[in-house]
Amino acid sequence: MSTTTDSKIRIQVEDFSVTDEIEAMKKVSRNIGGITTFLGTGRELSKGENITQLNFEHYPKMAEKKLEEIRVQAIKDFGIIDMSIIHRIGPIEIGENIVLIVAVSEHRAETFKACEWAIAELKRVTPIWKRETTSKGEVWVQDTP
Amino acid sequence: MITVKFFASLKAIAEMEEKQIEIESPISMDQLSDIISKTSPKMADIIREQKIMISVNQEMADSDTIIHDGDEVAFLPPFSGGS
């Protein structure tokens, strides 16, 4: 299932289409000449353990608010035209999409910087938590590599 | 009345997700810890040891923040969003 809406900040259970999200951002301006995306996906191995499933929880309202602050700050600090941030919650299978950041601008340089900063800031300030299920049981991840 | 929320690993420690607490006047974070310690002593220890982050009305707060009637206080373990 794929969901695309007009909102540039979304936290949702449903998967998203990277192509659809990029196409949506291309419509923001005819001056876009560079687009950088960061796509985070569920990996199988964590600290030597095989993960069978991930599960994300968030603090509704506050998490969306933090993502919007990141978006606004990225536009201001890096001079990009716009940014969208989508994060999934709930159960995530290995290999599935988790988070997508799309930075669009006139030129490429600022989109690389904005994207890298945004994912680091997301991990630092956004109340979203990851629970990993392995053969040994379930554990809440408390660090952000 | 204030609303206190616990997230992720803290739900198991507090043995609840949410709690409504009646307050007659503004209280400090220490006073809130005392109230929580009556039902969840382990959770109160974690708050006092400042091992977690606290938000009030979805804004980051600290141990000096005063809590008023109607506030929503959330206890937040270290974040791990992203991938």
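Line order of the protein sequences matches chains L and W. Position 78 of the first sequence, counted from 1, bears residue number 351 in this note's numbering, the numbering being contiguous throughout. Position 45 of the second sequence, counted from 1, bears residue number 36 in this note's numbering, the numbering being contiguous throughout. C-beta atoms are modelled at their ideal positions from N, C-alpha and C, and glycine is treated no differently.
task = Evaluate P418/L with the Cβ neighbour count: other Cβ atoms within 10 Å of its Cβ, from every protein chain shown; 16 or more gives buried, anything less gives exposed.
result = Low local confidence applies: a pLDDT of 49 at P418/L is under 50, so the model's placement there is unreliable, with the coordinate-based value given in what follows. Classification of P418/L: exposed, given that the 10 Å Cβ count is below 16.
key: Per-residue contacts from F66/W into chain L (C-beta, under 8 angstroms)   = Result: empty, since nearest Cβ-Cβ is about 10 angstroms, beyond 8 angstroms.
ask   = Once you ignore the five residues that flank K299/L on each side, which residues in its own chain have a CB closer than 8 angstroms to its CB?
value = I305, I308, V377
ask   = Going along chain W, which residues have a C-beta under 9 angstroms from T399/L?
value = F70, G72, G73
Rounded separation between T276/L and I12/W - CA only = Low local confidence applies: a pLDDT of 48 at T276/L is under 50, so the model's placement there is unreliable, with the coordinate-based value given in what follows. If you take the alpha carbons of T276/L and I12/W, they lie about 38 angstroms apart.
request  = Return the Cβ separation of I38/W and S24/W in integer angstroms, given the expectation that the two are a contact with Cβ distance under 8 angstroms.
outcome  = 5 angstroms
inquiry  = Quick check on this structure: which residue in G73/W, A(-1)/W, D53/W, S71/W has the alpha carbon closest to the alpha carbon of E9/W?
reply    = A(-1)/W
Separation of W390/L from I343/L, as counted between CA atoms = 9 angstroms
task = Can you have a look at P68/W and say buried or exposed, based on whether 16 or more other CB atoms are within 10 angstroms of its CB?
result = buried
ask   = Shortest alpha-carbon distance to I295/L belongs to which of P400/L, I359/L, L327/L, E411/L?
value = I359/L
request  = Could you name the residues of the stretch 367 to 395 of chain L whose beta carbon sits closer than 8 angstroms to any beta carbon of chain W, in the order they occur along the chain?
outcome  = I371, V372, I392, L395
message = So with CB distances below 8 angstroms, who are the chain W contacts of E330/L?
response = F(-2), A(-1)
Local Cβ density within 10 Å of T(-6)/W, reported as buried at 16 or more and exposed below that = exposed
query = Along chain L, which residues have their Cβ under 8 angstroms away from the Cβ of Q49/W?
reply = Y332, K334, M335, K338
message = Checking 9 angstroms against the spacing of the C-beta atoms, do F311/L and N370/L come in under that value?
response = no
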